[in-house]
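Heads up: the sequence shown runs through residues 14 to 863, numbered per the numbering used here.
The C-beta atom is built at its ideal place from N, Cα and C for all residues, glycine as well.
Comments concern the structure below.
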Amino acid sequence: MQEIPTLRPSEEQFLDPIGFLSSNEVKKLGMKYGMIKLIPPESFKPAFSIDEEQFSFRCRLQVLMELDIENRSRLLFWKQLNNLKRSKGDSKLLSSPQVILGHGQILPVYYYDVYKAVIGYFDPKKGKRTGDDSFSFKLSSTSRKRQRDGSYVSEAQYKLVDPKIVMEHKSCWQEVSLKFPQLDAATTKKIFKLHILPYYRFLYNEMMKTRSTKHSSSLRNSVSGLLYNYDYPKSLLEMYDSTEESNQSRDHSHSGNEHDIFSDDLPESLRYDEEVDDFNIEDEDEDEKCPICVKHVPTKVTSSSVAIVTCNSCDFKFHKKCLGKSTPNLGSNGQEWICNTCIIGNGYYGFKEPSSLYTLKSFKEHCANFDDQQFAGNKPNDIETLEKLFWEHVQEMVPNPITVKYGADIHRNKPGQTTGFPTMGYVPPFITDKESDEFKQFLKVSSHPWNLINLPRARGSLLSIINRKISGMTIPWIYVGSTFSTFCWHLEDQYTLSANYQHIGSQKIWYSIPERSTSAFDEMMKNISPDLFERQPDLLHQLITLVSPYSKRFVEAGIDCYKAIQNPGEYIVTYPKCYHAGFNSGFNFNEAVNFTLDLWLPYGLQSINDYKETKRTAVVNLFDLMSNVLNAYLIKPETFDDSFVATCVRELKEWFNTDFKNMMKVKNIVGETIFSTGCEDAYTNSSLDQEGGSDSIKDSNQDPGRSVSNKKKFDEDEDDEDEDDDDDDDDIDVFCSKCKTICPVAFIVHNNSKRFRSKRRNLASATPDEWNQLSNDGNISIFCLEEYLKYVDEKDAENDDDNDDAGQSINSDDPSEDDFKNDVMVYIREPDEVRNLISRVERALDRRLR
14 MQEIPTLRPS
24 EEQFLDPIGF
34 LSSNEVKKLG
44 MKYGMIKLIP
54 PESFKPAFSI
64 DEEQFSFRCR
74 LQVLMELDIE
84 NRSRLLFWKQ
94 LNNLKRSKGD
104 SKLLSSPQVI
114 LGHGQILPVY
124 YYDVYKAVIG
134 YFDPKKGKRT
144 GDDSFSFKLS
154 STSRKRQRDG
164 SYVSEAQYKL
174 VDPKIVMEHK
184 SCWQEVSLKF
194 PQLDAATTKK
204 IFKLHILPYY
214 RFLYNEMMKT
224 RSTKHSSSLR
234 NSVSGLLYNY
244 DYPKSLLEMY
254 DSTEESNQSR
264 DHSHSGNEHD
274 IFSDDLPESL
284 RYDEEVDDFN
294 IEDEDEDEKC
304 PICVKHVPTK
314 VTSSSVAIVT
324 CNSCDFKFHK
334 KCLGKSTPNL
344 GSNGQEWICN
354 TCIIGNGYYG
364 FKEPSSLYTL
374 KSFKEHCANF
384 DDQQFAGNKP
394 NDIETLEKLF
404 WEHVQEMVPN
414 PITVKYGADI
424 HRNKPGQTTG
434 FPTMGYVPPF
444 ITDKESDEFK
454 QFLKVSSHPW
464 NLINLPRARG
474 SLLSIINRKI
484 SGMTIPWIYV
494 GSTFSTFCWH
504 LEDQYTLSAN
514 YQHIGSQKIW
524 YSIPERSTSA
534 FDEMMKNISP
544 DLFERQPDLL
554 HQLITLVSPY
564 SKRFVEAGID
574 CYKAIQNPGE
584 YIVTYPKCYH
594 AGFNSGFNFN
604 EAVNFTLDLW
614 LPYGLQSIND
624 YKETKRTAVV
634 NLFDLMSNVL
644 NAYLIKPETF
654 DDSFVATCVR
664 ELKEWFNTDF
674 KNMMKVKNIV
684 GETIFSTGCE
694 DAYTNSSLDQ
704 EGGSDSIKDS
714 NQDPGRSVSN
724 KKKFDEDEDD
734 EDEDDDDDDD
744 DIDVFCSKCK
754 TICPVAFIVH
764 NNSKRFRSKR
774 RNLASATPDE
784 WNQLSNDGNI
794 SIFCLEEYLK
804 YVDEKDAEND
814 DDNDDAGQSI
824 NSDDPSEDDF
834 KNDVMVYIRE
844 PDEVRNLISR
854 VERALDRRLR
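If you want it as structure tokens, here you go:
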């Protein structure tokens, strides 16, 4: 595999990171390979400045085998089949995800693969074979809406063929069996009928129920629409080990102590265990809600309590009345009750974090012990051998999968714990003489733009003009690796650039997929597991999924992939929309941060639409950022290139005009319109200091400012008791409840409870964090303008249907007055202020370009 280029900037080039990375030569390399490796000049020698006595962290447990997308899909499907059996009182559970013939022979064929092959056979894009076009399965990869950059976003739904058609189709089984050399057509059909058909029929029947429901939305006609919405979902692969020690025993794949997924007896990970585990799982004792009505359920059941039932798979509690006709008969032969989500499978997967803490010293000792046991004291020295072993562990489905530990996404605000680079907040104890050359070097590096605490706000970075701190994006996150600990395929938040620096330790191996191949990579991944992406549309944002870059699938899909080996003292820089993944060859200490170049803006704008499709929460408020660019330009025109400012004006004007038209439509629908002083205060605090411009923003080492924790990585532990949150971590953006996008100018509040209506007098002073909390609690729904107008159209259509059915006349002038009179439109910004800003910059540009 070809390695990415290694660049060695001069002293002068190294003092201007944004200028160097934006130069035509470097930019071309970055976009071609997706990332570059950068070796600093000899004079740049950062002292490792972590307070090792105080710095501690938790580790994620990574079961490498489960990270492979195909392996995880097979394991999840196996759990789904067994959960359906459990719900029917069938004690003969499948002991393996692989097909087991009648005489006990285990074949190298997986139930999931057979299921996927049958589903794929009836894919309408491959020819209409069903004879019934009303029920057909669409692979997620076959129905796409092209974005302006040529990438694709799935808009398909998971639809099924009538089970009778499947079983009676003449050529289906012959064609499907061709994919499995070990099976003939009759055996393939028998396997499907005995073990997969009950699950297939269950899905089909559940979807048919929703089709017959009046006003059922299109979402409810998909598999995703059958799932319950959890604040804290659980994975079907969740382990129920009850002690920290039991997890540590799984570190060594040859010890024989790991969970055996292929045992003749029911695997440990499939059993229901009532013991409280030692994992850092969200405590839901007081806040547990029924997943259907999202109302509280009692944690302790008494005779006076509301009737509830607990799922024997996920432990979530449901109101019996919410389950309706599906209320379980708990007295029937000891039959377990399993909720729909645990049978259908939500595709959720996450790393466990044991509660114990490591220091760098204790983790280094753990790494040494792991290496001794894993490699019998003879760990390979060459990367190629380790690389081959790593991908074998990921790809092979084995009885004793290897588990490794990774200190990932560690974020602190305490001096000596935020970054490994020198800062004035913490001087390491080995520097005793403040007149020494060592201390002078320390001071030099503490203010250097390539110090990752400074890079996001380096001259020319767009993040320098948005006065807010975002953990993991504008404030570095730390990564402490061990042998085979991994970071999975992902794109950076909102397609920003990233810089990763290795301070100490063993090499880190990287793989990059440049932007030109991202669409092909998305397509390939969704073809491997279409149903998993149906349930988890933002799967590739979750940093939990791997596929080997050496797989023949990469070649078949035409995906370009490159490799890098990072050593201590080296940077890896990723460019916009570059997929990257990799693993560690041993103990090491890295940190990473995001930053931007002018070339990033179109990618950031594209991410807004892409995130809406996957309902992923944005990190950077692009409307806020572009407004700050225009403000900075008015104060100091030379701050930005005129052409870049013109781009911001054009994009912001188009965005505002669209929103303004929608505001006028909404104003004629809702009962009240107010201006939020609470949101204005948050917006003002986050905006550029208009007197000083971008240069007035204080150095992050000197002024902690306002901390914003909008960035949500998959396994982030926000309630870590050991973490110091000196600053506020309240939201300063308001998010749409429906599409999760940031509301830039205005939003609509739809009341969900009578109790909330009595507090309307306090609405104007509510802060963004308070709005979001009310939405999360279910008291209100927050709509962005676009989603609200969609909601109005849906409600009007329902009203029209009801009036038609009742033979009543429809008031075409205002059919929805009663539905929306209690809704409120809340302005975050004064529209005239935005309009005036755009006009002033247009005039300034016109004067400069004459």
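Own chain partners of I621 with C-beta closer than 7 Å, once the 5 adjacent residues on each side are dropped: Translated into the one-based positions of the sequence shown, residue 621 becomes position 608. Cβ within range, chain order: A631, L635, T754.
Run through the stretch 345–398 for me and flag every whole alpha helix (DSSP H) of 4 or more residues, listed as ranges in chain order. 353–357, 373–387
Closest by C-alpha distance to S689, when choosing among T671, V758, L559, D637: By one-based count along the sequence shown, residue 689 stands at place 676. Of the listed residues, the one whose Cα sits closest to S689 is V758.
Please specify which runs of the beta strand (DSSP E), each continuous and at least 3 residues long, are wholly inside the stretch 579–657, giving them in chain order. Listed in chain order, the beta strand (DSSP E) runs fully inside the stretch 579–657 are 584–587, 592–597, 601–608, counting runs of at least 3 residues.
Could you check if G47 is buried or exposed, using at least 16 other CB atoms within 10 Å of its CB as the buried criterion? Working through the sequence shown from its first residue, we reach residue 47 at position 34. G47 is buried by the Cβ-count criterion.
Do you know how far the Cα of L77 is from the Cα of E271? Position 258 of the sequence shown, counted from the first residue, corresponds to residue 271. Position 64 of the sequence shown, counted from the first residue, corresponds to residue 77. Bear in mind that the predicted position of E271 carries a pLDDT of just 36, short of 50, making it too unreliable to give a figure here.
Beta-carbon separation of I793 and N775 under 9 Å? Here residue 793 refers to the residue found at position 780 when the sequence shown is read from its first residue. Here residue 775 refers to the residue found at position 762 when the sequence shown is read from its first residue. Their beta carbons are not under 9 Å apart, which means I793 does not touch N775 by this criterion.
Whole-Å CB distance - G358 paired with R548, under 8 Å assumed: Position 345 of the sequence shown, counted from the start, is the residue given in the question as residue 358. Position 535 of the sequence shown, counted from the start, is the residue given in the question as residue 548. Right, their Cβ atoms sit about 7 Å apart.
Just reading off the beta strand (DSSP E) that Y907 is part of, what are its end residues? An answer regarding residue 907 cannot be provided, because it is not within the stretch 14 to 863 covered by the chain.
What are the uninterrupted segments assigned as beta strand (DSSP E) that are 3 or more residues long and contained completely in the stretch 514–566, given in chain order? 521–526
Stretch-stretch touch, CB-based, cutoff 8 Å, three pairs: the stretch 452–471 with the stretch 564–578: no
Please name the residue or residues paired with R73 in a DSSP beta bridge. For the purposes of this step, residue 73 is taken as the residue at position 60 of the sequence shown. Y419, per the DSSP bridge assignment.
Please list the terminal residues of the continuous alpha helix (DSSP H) segment that includes K92. Your numbering for residue 92 matches position 79 in the sequence shown. First-last of the alpha helix (DSSP H) with K92: 82–100.
Member of P435, D654, E219, P462 whose CA lies at the smallest distance from the CA of D29: For the purposes of this step, residue 29 is taken as the residue at position 16 of the sequence shown. With distances taken between Cα atoms, D29 lies closest to P462.
Roughly how far, in whole angstroms, is the beta-carbon of A577 from the beta-carbon of E16, given that I think they are within contact range, below 8 Å? As a working note, residue 577 is residue 564 in the sequence shown. As a working note, residue 16 is residue 3 in the sequence shown. About 6 Å separates the two Cβ atoms, so the contact holds.
Starting from the C-beta of K227, find all residues in its chain whose C-beta is less than 6 Å away, skip the five residues before and the five after it, and write them out in chain order. The residue you call residue 227 lines up with position 214 of the sequence shown. In this prediction, K227 has a pLDDT of 46, which is less than 50 and means its spatial position is unreliable; nothing more can be read from the coordinates.
Where Y419 and I491 are concerned, what is the direct C-alpha to C-alpha distance, given to the nearest angstrom? Counting from 1 along the sequence shown, the entry for residue 419 is found at position 406. Counting from 1 along the sequence shown, the entry for residue 491 is found at position 478. A direct Cα-Cα distance of roughly 11 Å separates Y419 from I491.
Could you check how far apart the C-beta atoms of L80 and I557 are, in whole angstroms? I think they sit under 8 Å. Locating residue 80 in the sequence shown gives position 67, counting from the first residue. Locating residue 557 in the sequence shown gives position 544, counting from the first residue. Confirmed, about 7 Å.
Counting Cβ pairs, one atom from each stretch, are 3 or more of them under 8 Å apart for the stretch 640–660 and the stretch 535–546? no
In its own chain, which residues sit with a C-beta less than 7 Å from the C-beta of F70, not counting the 5 before and 5 after it? Taking the first residue of the sequence shown as 1, we reach residue 70 at position 57. Only L370, Y371, G420, I423, V493 meet the Cβ criterion.
Residue environment, L559, which counts as buried when at least 16 other CB atoms sit within 10 Å: In the sequence shown, residue 559 corresponds to position 546, counting from 1. Burial call: buried.
Since T200 is in the beta strand (DSSP E), which residue starts that stretch and which ends it? Start at 1 with the first residue of the sequence shown, and residue 200 comes out as number 187. Taken as a continuous stretch (DSSP letters only), T200 belongs to no beta strand (DSSP E), being part of the alpha helix (DSSP H) at 198–204.
Three-state secondary structure assigned by DSSP to Y125: Indexing the sequence shown from 1 puts residue 125 at position 112. Y125: helix per DSSP, three-state reduction.
So, for K141: in the same chain, excluding its five sequence neighbours on each side, which residues have a beta-carbon less than 6 Å away from its beta-carbon? For the purposes of this step, residue 141 is taken as residue 128 along the sequence shown, with counting starting at 1. Residue confidence is low: K141 scores 44 on pLDDT, short of 50, so the model does not pin down where it sits. No coordinate-derived value is stated.
Could you give the distance in angstroms between the alpha-carbon of L798 and the alpha-carbon of I851? In the sequence shown, counting from the first residue as 1, residue 798 sits at position 785. In the sequence shown, counting from the first residue as 1, residue 851 sits at position 838. The alpha-carbon atoms of L798 and I851 are separated by roughly 21 Å.
From what residue to what residue does the beta strand (DSSP E) around Y492 run? Residue 492 sits at position 479 when you count from the first residue of the sequence shown. From DSSP, the beta strand (DSSP E) with Y492 extends over 490–494.
Once DSSP output is grouped into helix, strand and coil, what is the label at K50? Here residue 50 refers to the residue found at position 37 when the sequence shown is read from its first residue. Three-state result, K50: strand.
Okay, do the stretch 324–340 and the stretch 520–539 touch, 3+ Cβ pairs below 8 Å being the bar? no
Are N785 and F833 close, meaning C-beta to C-beta below 9 Å? Locating residue 785 in the sequence shown gives position 772, where the first residue counts as 1. Locating residue 833 in the sequence shown gives position 820, where the first residue counts as 1. Contact flag unset, no.
Please look up how many angstroms separate the CB atoms of I63 and Q430, rounded, as I've assumed it's under 8 Å. Within the sequence shown, residue 63 is the residue found at index 50, counting from 1. Within the sequence shown, residue 430 is the residue found at index 417, counting from 1. Their Cβ separation, rounded to whole angstroms, is 7 Å, which keeps I63 and Q430 in contact under 8 Å.
I need the straight-line Cα distance from F68 to Y212, nearest angstrom please. By 1-based counting over the sequence shown, the position of residue 68 is 55. By 1-based counting over the sequence shown, the position of residue 212 is 199. Each residue's Cα considered, the two are about 49 Å apart.
In whole angstroms, what separates the C-alpha of K590 from that of K203? In the sequence shown, the residue the question calls residue 590 occupies position 577. In the sequence shown, the residue the question calls residue 203 occupies position 190. Approximately 45 Å, taken between the alpha carbons.
Among D744, V837, S326, A810, whose alpha-carbon lies nearest the alpha-carbon of A777? Residue 777 sits at position 764 when you count from the first residue of the sequence shown. Minimum Cα distance to A777 is reached at V837.
What do you reckon, are the CB atoms on T416 and Y241 nearer than 9 Å? Start at 1 with the first residue of the sequence shown, and residue 416 comes out as number 403. Start at 1 with the first residue of the sequence shown, and residue 241 comes out as number 228. Against a cut-off of 9 Å, the Cβ pair of Y241 and T416 comes out as no contact.
On a Cα-Cα basis, can you pick out the residue from F364, A320, T436, P176 that is closest to E251? For the purposes of this step, residue 251 is taken as residue 238 along the sequence shown, with counting starting at 1. Ranking F364, A320, T436, P176 by Cα distance to E251 puts F364 first.
Give me the DSSP bridge partner(s) of E38. Taking the first residue of the sequence shown as position 1, residue 38 is located at position 25. Beta-bridge pairing links E38 to no other residue.
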